[in-house]
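The working numbering runs 6 ahead of the 1-based position in the sequence shown. Read the structure below first, then the notes.
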Amino acid sequence: LVLGLPKLKFSKDKLYDACQKGKQVKASFKSKNQISTSRPLQLIYMDLFGPSRTMSLGGNYYGLVLVDDYSRFTWVMFLANKSEAFNAFKKFSKLVQNEKNTNITSIRSNHNGVVERKNRSLEELARTMLNETKLPKYFWADIINTTCHVLNKVIIRPILKIPPYEIYNGRKPYKKKFMWSNHLVLLILNIQIMCINSKRNSMA
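Following this line, the structure appears as structure tokens:
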């Protein structure tokens with residue numbers, strides 16, 4: 007986890023209620039725990055979600071979610087129209103390939119558990135955050151973006167025991183970048199834990 011965050015208390019009942027409101031259909035796919043790749047960008051999963059009923063502050067209705075198989079590092083690109091997805095991916099691939107000085111070897115855009123699960127997590131958490139914070143619905147893209155940023159910097163894959171950010175970038179997250187939103191960061195993490203526990207209880 008990212009060190010340096012203060013301890014804040016949240017009401018479990020309140021968070022559980024928010025989580026219940028944000029939950030969608032129970033996931034029907036199994037988690038992929040085995041690592042099938044040996045480096046970042048060897049395999050990228052991508053999926054499109056939307057349209058949102060509410061236009062975001064940036065004028066968007068869709069989100070393109072991209073997940074690196076090796077690290078589980080995730081990017082979200084927001085789009086006004088579905089037709090923008092191809093050009094958005096071209097910009098993304100050019101950016102990350104130049105950044106890493108390596109090529110994307112394989113892309114999977116068909117239905118698969120990895121990116122669908124990530125999509126569902128982001129949408130559930132965003133909906134829960136909107137319910138919890140009472141923010142206007144047009145903040146949905148900003149909340150998804152913030153949630154994605156936070157989840158990239160915490161341990162989400164027990165098999166690796168380090169955060170996606172550290173695996174992908176080869177260095178630990180810089181904790182001071184979290185300081186502006188400590189309350190929001192911890193709220194996201196607490197809601198995620200409550201939602202996971204809620205799902206486990208419902209499956210028991």
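By construction, the Cβ of each residue, glycine as well, lies at the ideal position given by its N, Cα and C atoms. As the structure is a prediction and not an experimental result, all values here were calculated from the model.
Taken in chain order, the complete alpha helix (DSSP H) segments of 4 or more residues contained in the region 72-107 are 91-106. Closest in alpha carbon position to Ala91, among Gln48, Ser62, Asp148, Tyr67, is Tyr67. Separation of Pro57 and Lys140 (C-alpha to C-alpha, rounded to the nearest whole angstrom) is 21 Å.
For Ile50 against Asp74, the beta-carbon gap comes to about 6 Å, under 8 Å, which counts as contact.
Rounded to whole angstroms, the gap between the alpha carbons of Arg126 and Tyr180 is 27 Å. Within the same chain, Ile161 come within 8 Å of Lys167 by CB-CB distance, once the 5 residues on both sides are set aside. CA-to-CA, the gap between Lys143 and Lys124 works out to about 21 Å. Apart from the 5 residues on each side of it in sequence, Glu172 sits with its Cβ closer than 6 Å to the Cβ of Lys178 in its chain, given in chain order.
Where Ser127 is concerned, the enclosing alpha helix (DSSP H) starts and stops at 119-139.
Under the three-state reduction of DSSP, Tyr180 is assigned to coil, being neither helix nor strand.
CA-to-CA, the gap between Lys159 and Ser112 works out to about 24 Å. In this structure, the beta-carbon distance from Ser77 to Pro170 falls below 8 Å. The residue from Lys88, Glu105, Thr80, Gly64 with its alpha-carbon nearest to that of Cys154 is Thr80.
Just measuring C-alpha positions, the residue of Thr60, Trp146, Gln48 sitting nearest Arg133 is Trp146. Cβ neighbours of Thr60 within its own chain (closer than 7 Å, five residues either side excluded): Lys143, Tyr144, Trp146. DSSP, read as helix, strand or coil, puts Tyr68 in strand.
A straight line joining the alpha-carbon of Leu131 with that of Val82 spans about 14 Å. DSSP lists Val73, Arg114 as the beta-bridge partner residues of Tyr51. Boundaries of the alpha helix (DSSP H) around Asn175: 170-175.
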